[in-house]
Amino acid sequence: MLRTHGLSLKIAGRTLCAQLDVGFDAGQNWVILGANGSGKTTLLHALAGLRTPDQGEVTLAGHNIQTLGYRQRAQKIGVLFQDFDATFPATVFETVLSGRYPHLQRWQWETDADQRAVEQALATVALSDFAQRPLTTLSGGERRRVEIAALLAQDAPICLMDEPTNHLDLRYQAQIMQQLVQRSARAGHFNIFVLHDINLAARFGSHVILLFDNGEVLHGPLPQLFERSLLERLYHCPLREIRVADTCWYLPI
603 MLRTHGLSLK
613 IAGRTLCAQL
623 DVGFDAGQNW
633 VILGANGSGK
643 TTLLHALAGL
653 RTPDQGEVTL
663 AGHNIQTLGY
673 RQRAQKIGVL
683 FQDFDATFPA
693 TVFETVLSGR
703 YPHLQRWQWE
713 TDADQRAVEQ
723 ALATVALSDF
733 AQRPLTTLSG
743 GERRRVEIAA
753 LLAQDAPICL
763 MDEPTNHLDL
773 RYQAQIMQQL
783 VQRSARAGHF
793 NIFVLHDINL
803 AARFGSHVIL
813 LFDNGEVLHG
823 PLPQLFERSL
833 LERLYHCPLR
843 EIRVADTCWY
853 LPI
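With my numbering, letter number 244 in the sequence shown gets 846, and the count goes up by one each step, no holes.
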């Protein structure tokens with residue numbers, strides 16, 4: 603459904619990726635990994651159609667994503683940004699309801715179905731009791747869960763998420779990631795995550811894109827690329843590998 607064709611991205615003359623050809627398909631959970639400044643967010647924005655490639659293109663169902671209107675794009679792709687401005691005076695419910703706007707016609711009011719979608723999304727992130735709370739009264743982790751609820755209420759088949767576990771404690775990191783991965787099992791749905799925690803990637807990812815700081819890119823099924831030597835080269839950091847059952851965990855040394 604979502605494809606890159608010879609995608610090249612640069613910042614200040616530095617190549618982040620070159621001639622990237624990769625396809626993202628239903629049921630998959632892709633993770634983008636790389637050191638700070640390697641271009642993870644830039645790549646995610648290009649996949650969402652929010653950044654024009656330096657070369658190549660991104661296609662959605664065969665159409666260049668840059669040619670699609672914002673509403674048409676938002677009905678297919680949901681984006682969770684790394685940062686969120688929580689100064690706007692709105693309640694939690696109103697904020698999550700904004701995720702439904704791509705599905706409304708011009709001047710159309712929200713329907714009962716939209717209200718139910720918001721209620722379900724709030725229940726999924728354990729914020730039902732916070733619905734009428736002003737957003738400005740919430741902690742950073744609670745606001746992050748509100749942002750994720752808005753993404754879930756949008757109900758786009760493709761979700762692109764930049765560090766979704768930002769500000770979340772251990773309990774909600776695991777619970778939210780599990781909920782997001784479960785949605786990819788629905789027909790036609792898949793996720794692309796930017797993560798810094800390689801152990802979360804190992805637990806929840808099915809495929810991975812490794813962005814090296816010299817513009818090199820590797821991509822494919824996660825089990826084939828999750829090797830200590832590659833990860834050490836990716837992060838310029840020695841790692842200790844701990845194997846538990848069929849899963850490898852990595853700790854910096």
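Just so you know, even glycine gets a beta-carbon here, dropped at the ideal spot from N, CA and C. Here the structure is a predicted model, which means the values were calculated and not measured.
For residue i, which residues of its own chain have a beta-carbon under 7 Å away from its beta-carbon, when the five flanking residues on both sides are left out?
{"i": "Leu611", "result": "Leu618, Cys619, Gly641, Thr644, Leu645, Ala648, Pro655 and Asp656"}
{"i": "Val698", "result": "Val720, Ala723, Leu724, Val748, Ala751, Ala752 and Ala755"}
{"i": "Cys839", "result": "Pro854"}
{"i": "Arg785", "result": "His791"}
Leaving out the 5 sequence neighbours to the left and right, which residues in its chain are closer than 6 Å to residue i when beta-carbon positions are compared?
{"i": "Gln781", "result": "Thr726"}
{"i": "Gln775", "result": "Thr767"}
{"i": "Val796", "result": "Ile634, Lys642, Leu646, Asp764 and Glu765"}
{"i": "Ile844", "result": "Trp851"}
{"i": "Thr571", "result": "Not covered by the structure: residue 571. The range shown for the chain is 603 to 855."}
With distances taken from CA atoms, which of the options is nearest residue i?
{"i": "Leu609", "options": "Gly615, Glu843 and Leu622", "result": "Leu622"}
{"i": "Leu604", "options": "Leu762, Tyr703 and Phe828", "result": "Leu762"}
{"i": "Phe806", "options": "Gly790, Pro823 and Asp815", "result": "Pro823"}
{"i": "Pro704", "options": "His791, Pro691, Gln668 and Arg673", "result": "Arg673"}
{"i": "Phe732", "options": "Gln710, Ser700, Thr693 and Leu706", "result": "Thr693"}
{"i": "Asn666", "options": "Ser700, Thr606 and Gln677", "result": "Thr606"}
{"i": "Gly742", "options": "Leu652, Asp716, Ile760 and Asp771", "result": "Asp771"}
{"i": "Phe626", "options": "Gly664, Gln777 and Ser700", "result": "Gly664"}
{"i": "Gly651", "options": "Asn638, Gly636, Gly639 and Arg675", "result": "Arg675"}
{"i": "Leu841", "options": "Ile760, Thr661 and Asp799", "result": "Asp799"}
{"i": "Tyr837", "options": "Gln717, Ala847, Asn793 and Asn816", "result": "Asn816"}
{"i": "Asp848", "options": "Val819, Glu818, His821 and Ala804", "result": "Ala804"}
Reducing DSSP to helix, strand and coil, say where residue i ends up.
{"i": "Glu696", "result": "helix"}
{"i": "Phe806", "result": "helix"}
{"i": "Arg673", "result": "helix"}
{"i": "His705", "result": "helix"}
{"i": "Pro736", "result": "strand"}
{"i": "Pro870", "result": "An answer regarding residue 870 cannot be provided, because it is not within the stretch 603 to 855 covered by the chain."}
{"i": "Asp905", "result": "Since the first and last residues shown for the chain are 603 and 855, residue 905 lies out of range."}
{"i": "Asn638", "result": "coil"}
{"i": "Asn768", "result": "coil"}
{"i": "Asn666", "result": "strand"}
Residues in its own chain within less than 8 Å of residue i by CB, not counting five upstream and five downstream?
{"i": "Ile613", "result": "Gly641 and Thr644"}
{"i": "Gln734", "result": "Thr693, Val694 and Phe695"}
{"i": "Glu834", "result": "Pro840 and Leu841"}
{"i": "Ala758", "result": "Ala676, Gln677, Lys678, Ile679, Gly680 and Pro704"}
{"i": "Ile778", "result": "Val727, Arg747, Ile750, Pro766, Thr767 and Leu770"}
{"i": "Gln710", "result": "none"}
{"i": "Val783", "result": "Asn631, Asn793 and Phe806"}
Terminal residues of the continuous beta strand (DSSP E) containing residue i?
{"i": "Val748", "result": "Run containing Val748: none in the beta strand (DSSP E); it sits in the alpha helix (DSSP H), Gly742 to Gln756."}
{"i": "Arg616", "result": "Arg616 to Phe626"}
{"i": "Gln657", "result": "Gln657 to Leu662"}
{"i": "Glu843", "result": "Leu841 to Val846"}
{"i": "Arg835", "result": "From DSSP, Arg835 is part of no beta strand (DSSP E) but of the alpha helix (DSSP H) over Arg830 to Tyr837."}
{"i": "Pro854", "result": "Thr849 to Pro854"}
{"i": "Leu609", "result": "Leu604 to Ile613"}
{"i": "Phe690", "result": "From DSSP, Phe690 is part of no beta strand (DSSP E); its letter is neither H nor E."}
Along the alpha helix (DSSP H) that carries residue i, what are the first and last residues, could you check?
{"i": "Thr644", "result": "Lys642 to Leu649"}
{"i": "Val810", "result": "Note, Val810: premise wrong, no alpha helix (DSSP H); beta strand (DSSP E) at His809 to Leu813."}
{"i": "Arg718", "result": "Asp714 to Thr726"}
{"i": "Met779", "result": "Leu772 to Arg785"}
Using 8 Å as the Cβ pair cut-off and three pairs as the minimum, do the region 627-637 and the region 678-694 touch?
-> no
Is the region 820-830 in contact with the region 792-810, if contact means three or more CB pairs nearer than 8 Å?
-> yes
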